[in-house]
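Here is the structure we will look at.
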Amino acid sequence: MNQLKHLSFILFIGLFGLMGCTHLVSLSTTSVPPKAVQTKKIYAESDRFMFFLFNFDNDYVDNISLDLARQCPKGKVQGVLTKHESVTYFPLIAHKVKVSANGYCVR
Amino acid sequence: MMMSKIIILFTFFISGCAVLHHVQISEIDSSIVLGGERFEIKVSEIGVSFKEATGVAKALTQSESTRKDLGKLQEYLSYFQMGPRTGQHVFNDDYADKVFSVLKGKCPSLNYSGLTLVRETRKYPVVSGEIVKIIGFCKS
Amino acid sequence: MNEMKKILIYIILLYITLLTGVGCTHAVHLYHVSELEAQFNRKKLAEISSESTQFTVMGFIQNTDYVNQAFEDLKGQCLKGNVVGINTRYSTSHGFFSWTNKIKMTAYCVN
């Protein structure tokens, strides 16, 4: 019985090792500009923390392109890499969905 | 039996869960995004989960043989619905095609940029909304 | 006799299912819209469209050439111009231990 308790406790602690386990759900890219104009790198992200995987809308992704445009007000954002990731803090209980975009500001 | 009814009520309580499947962000022309008008296009179709529908039907019936029959029927039906799936099954696959004409309506100049393309599901018990959403910026 | 009755009911129900198309389901995986560059004249746009399919039994297929075919068909409709504003729909139609992958592309041809 004691051994079972110890094992359960070790497994429970071990689960915390899964904190922040991230995996890629989807990705997309746009055409990359020539290396000569890849001078300014910009980045924007948005995430949503979820308890028990409850999530009632996906509006958090709506403003990412606006954030990128604000970092490059007088140019064009090209070579955009969009990543959609899922982060597990505690299985079934605490998760996060993160959408991030990297790009180059080309003037 | 009581447990099944509680589960059904619980699923109605947490109804409207949104699942994000795919996000794409296109190139951004800042002059259009910062100086233009934001538009949003949403097209959707009703998706059906036959497994959940069978589950609900099973929970509502008292007869064990009827439950077995429902399970078998759902199994045989699933043989005709094989293949990769994003979200739930829909009965019409060209619901997203109207985006092309709707986009022209929302931005008649076709001078758009900063597109965010989202494929998501709005999940309810048994049914779901399979949504294609496009957010962009348009300059006349 | 009861078993025979049940089997008959299943067959009738499946037949009705197939007739009404309830068994014929689909799934849209993604929809993409590409840019329409500023330099193109919006008044000289012609709509073009192409579609290709790939039938597979239980996923036993070794290529995704249908995607390239749809793209080539689209470009073939606009040989003397530029293909812009490409809308791409990728979907699957489900069937009996098989399915059909579909790509539909709609775009503008600028001459």
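Chains V, B and E are the protein sequences, given in the same order. Per this note's numbering, the very first residue in the first sequence carries number 15; after that it's consecutive. Per this note's numbering, the very first residue in the second sequence carries number 548; after that it's consecutive. Per this note's numbering, the very first residue in the third sequence carries number 1367; after that it's consecutive. Ideal Cβ positions, reconstructed from N, Cα and C, are used throughout, including at glycine. The model shown is predicted, which means the values in this text are computed figures rather than measured ones.
Three-state secondary structure (DSSP) of residue i
i	result
E/Gln1420	strand
V/Val46	coil
B/Ser656	coil
E/Gln1443	coil
B/Val646	helix
V/Val51	helix
V/Ser22	helix
B/Val674	strand
B/Phe638	coil
B/Phe684	strand
E/Ile1427	coil
V/Met15	coil
E/Phe1437	helix
Bounding residues of the alpha helix (DSSP H) (the contiguous stretch that carries residue i)
i	result
B/Tyr623	Glu611 to Tyr626
V/Asn116	Run containing V/Asn116: none in the alpha helix (DSSP H); it sits in the beta strand (DSSP E), Ala108 to Val120.
V/Ala83	Ile78 to Gln85
B/Ser578	Ser577 to Gly582
Start-to-end residues for the beta strand (DSSP E) that takes in residue i
i	result
B/Lys598	B/Lys598 -> not in any beta strand (DSSP E); alpha helix (DSSP H) instead, spanning Phe597 to Leu607.
V/Ala58	Lys54 to Phe65
E/Arg1455	Asn1448 to His1460
E/Leu1402	Looking at the DSSP string, E/Leu1402 is not in any beta strand (DSSP E), and its letter there is neither H nor E.
E/Met1471	Ser1464 to Val1476
V/Tyr103	Lys90 to Phe104
B/Ala565	Cys564 to Ile572
Selection from the options that minimises the alpha carbon distance to residue i
i	options	result
E/Glu1417	E/Lys1446, E/Thr1454, E/Asn1407 and E/Phe1426	E/Thr1454
V/Thr43	V/Met64, V/Val120, V/Val101 and V/Val91	V/Val91
E/Phe1426	E/Lys1410, E/Leu1374, E/Phe1463 and E/His1398	E/Phe1463
E/Thr1458	B/Leu581, B/Lys686, B/Gln628 and B/Val649	B/Gln628
B/Thr654	B/Val580, B/Val566 and B/Lys686	In the sequence on display, residue 654 of chain B carries Cys and not Thr. Comparing Cα positions, the closest option is B/Lys686.
V/Phe63	V/Gln85, V/Tyr103 and V/Lys55	V/Tyr103
E/Lys1443	E/Gly1461, E/Gln1420 and E/Met1471	In the sequence on display, residue 1443 of chain E carries Gln and not Lys. Ranking E/Gly1461, E/Gln1420 and E/Met1471 by Cα distance to E/Gln1443 puts E/Met1471 first.
E/Leu1396	B/Ser578, B/Glu584 and B/Leu567	B/Leu567
B/Lys680	V/Asp71, V/His20 and V/Leu18	V/Asp71
B/Glu622	B/Gly602, B/Gly582 and B/Gly652	B/Gly602
V/Glu99	V/Pro87, V/Glu59 and V/Val120	V/Glu59
B/Tyr674	B/Met549, B/Ile579 and B/Gly594	One detail in the question is off: residue 674 of chain B reads as Val in this sequence, not Tyr. B/Val674 has its Cα closest to that of B/Gly594, out of B/Met549, B/Ile579 and B/Gly594.
V/Tyr57	V/Phe26, V/Val46, V/Leu18 and V/Asp81	V/Asp81
V/Pro105	V/Asn77, V/Gly34 and V/Lys19	V/Gly34
B/Val580	V/Val120, V/Arg84 and V/Val101	V/Arg84
B/Phe638	E/Asn1368, E/Val1394 and E/Lys1372	E/Val1394
V/Val101	V/Gln17, V/Ile24, V/Pro48 and V/Asp61	V/Asp61
E/His1398	E/Lys1371, E/Tyr1456 and E/His1460	E/Tyr1456
B/Thr608	B/Met549, B/Thr633 and B/Lys670	B/Met549
Neighbouring residues, chain B, relative to residue i (Cβ below 8 Å)
i	result
V/Phe63	Result: empty, since nearest Cβ-Cβ is about 14 Å, beyond 8 Å.
E/Lys1470	Asp641 and Asp644
Chain V contact residues for residue i, given Cβ-Cβ distances below 7 Å
i	result
B/Cys564	Phe68, Asn69 and Phe70
B/Ile682	Asp76
Residue i: contacting residues in chain B (beta-carbon distance under 9 Å)
i	result
E/Glu1401	Ser573, Glu574, Asp576, Tyr659, Ser660 and Leu662
Amino acids of chain B, ordered along the chain, whose beta-carbon sits closer than 7 Å to that of residue i
i	result
V/Ala83	Ile575, Ser577, Val580, Leu581 and Gly661
V/His37	Under the 7 Å cutoff, chain B gives no residues; its nearest Cβ is about 14 Å from V/His37.
V/His109	Near V/His109 there are no residues of chain B at all, since even the closest Cβ is about 12 Å away, more than 7 Å.
Chain-ordered neighbours of residue i on chain V, where CB pairs are closer than 8 Å
i	result
B/Val727	The requested residue 727 of chain B does not occur in the structure, where chain B is confined to residues 548 to 687.
Under 9 Å by beta carbon: chain D residues contacting residue i
i	result
E/Gly1461	This model lacks chain D altogether; the protein chains it does include are V, B and E.
Is it true that the region 100 to 114 of chain V meets the region 609 to 619 of chain B, where meeting means three or more beta-carbon pairs spaced less than 8 Å apart?
-> no
Are there three or more Cβ pairs, one per stretch, closer than 8 Å when the region 584 to 597 of chain B is compared with the region 81 to 98 of chain V?
-> no
The region 659 to 675 of chain B in contact with the region 574 to 583 of chain B per 3-pair CB rule at 8 Å | yes
Do three or more CB pairs link the region 1464 to 1477 of chain E to the region 1401 to 1412 of chain E at distances below 8 Å?
-> yes
Tell me, please, whether the region 639 to 653 of chain B touches the region 597 to 608 of chain B by the rule of three or more beta-carbon pairs shorter than 8 Å.
-> no
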